[in-house]
Amino acid sequence: MFARFKDLFETKQKLVQLSHIRNLVVLGFSDGEASPNAKAFIAGRALRAGLTEVDVARIVSKPASLGFYVPESFDERLAQLCELVGLMVQLGNINGPGISFCEAVAARFGMPDASGMVQALIAVATRKTY
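Residue numbers for the sequence shown follow this note's numbering, beginning at 1 and rising by one.
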């Protein structure tokens, strides 16, 4: 309850960023323990968002304590979804639970054809370049 009360004092943009890092944590730790690559990816993304180590530790220790916040712009929603799919591909976790999680996030973002969007992003992320 204290975490929810504390959220009232966070800025909307910070809450959106915390929510995104929470989504990355949930996906990255979906097998119980995150790989070093997943941890580095999440830490780098949190740092770029201006979050502190305390913010990240709070998210990792209690991801359910944070609400789900939808970015205001479509571009930001798409960027967050791309990062989720990118993490899933990087982890080699292109499976039912990972895909389902990304599709659920896309649907909550209000994206049309969430499943098709996630499949298209997977195709782009796994495309081999020569």
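From the three backbone atoms N, C-alpha and C, an ideal C-beta is built for every residue, glycine too. Nothing here was measured: the structure is a model prediction, and the numbers come from that model.
Exercise. Using 10 angstroms around the beta-carbon of Ser19, count the other beta-carbons present and answer buried if the total reaches 16, otherwise exposed.
Key: Taking the sequence shown and counting its residues from 1, one reaches residue 19 at position 19. By the 10 Å Cβ count, Ser19 comes out buried.
Quiz prompt | Glu83 (DSSP reduced to helix, strand or coil) | solution = Taking the sequence shown and counting its residues from 1, the one referred to as residue 83 is at position 83. Three-state result, Glu83: helix.
Practice problem: Report the three-state DSSP secondary structure of Arg127 (helix, strand or coil). | Solution: In the sequence shown, residue 127 corresponds to position 127, counting from 1. Here Arg127 sits in coil by DSSP.
Self-check item: Same chain, Cβ closer than 6 Å to Phe41, five either side skipped, listed in chain order
Solution: Translated into the one-based positions of the sequence shown, residue 41 becomes position 41. Around Phe41: Leu87.
Quiz prompt | Glu103: first and last residue of the uninterrupted alpha helix (DSSP H) it sits in | solution = The sequence position of residue 103 within the sequence shown is 103, counting from 1. Taken as a continuous stretch (DSSP letters only), the alpha helix (DSSP H) holding Glu103 covers 96-108.
Quiz prompt | Candidates Asn93, Leu51, Gln13, of which the one nearest Val26 by Cα | solution = In the sequence shown, counting from the first residue as 1, residue 26 sits at position 26. Among Asn93, Leu51, Gln13, the Cα nearest to that of Val26 is on Asn93.
Quiz prompt | Leu91 and Phe109 closer than 8 Å at C-beta | solution = As a position in the sequence shown, residue 91 is number 91, starting the count at 1. As a position in the sequence shown, residue 109 is number 109, starting the count at 1. It is not a contact, given that the beta carbons lie outside the stated cut-off.
Quiz prompt | Residue from Val118, Glu33, Arg77, Lys12 with nearest C-alpha to Val60 | solution = As a first step, residue 60 must be located in the sequence shown, where it is residue number 60. Of the listed residues, the one whose Cα sits closest to Val60 is Glu33.
Quiz prompt | Host alpha helix (DSSP H) of Leu18 (start-end) | solution = The residue given as residue 18 occupies position 18 in the sequence shown. Leu18 -> alpha helix (DSSP H) spans 12-28.
Self-check item: Buried or exposed (CB count within 10 angstroms, at least 16 for buried), Glu53
Solution: Within the sequence shown, residue 53 is the residue found at index 53, counting from 1. Counting Cβ neighbours within 10 Å, Glu53 comes out exposed, since fewer than 16 surround it.
Quiz item: Hey, quick one: how far does the alpha helix (DSSP H) through Lys39 stretch, first residue to last?
Solution: Residue 39 sits at position 39 when you count from the first residue of the sequence shown. Note, Lys39: alpha helix (DSSP H), 36-48.
Quiz prompt | Rounded C-alpha distance that separates Arg143 from Ser65 | solution = Residue 143 is absent from the structure shown; the chain starts at 1 and stops at 130.
Quiz prompt | Within 8 Å, strictly: CB atoms of Leu51 and Ile99 | solution = For the purposes of this step, residue 51 is taken as the residue at position 51 of the sequence shown. For the purposes of this step, residue 99 is taken as the residue at position 99 of the sequence shown. Contact flag unset, no.
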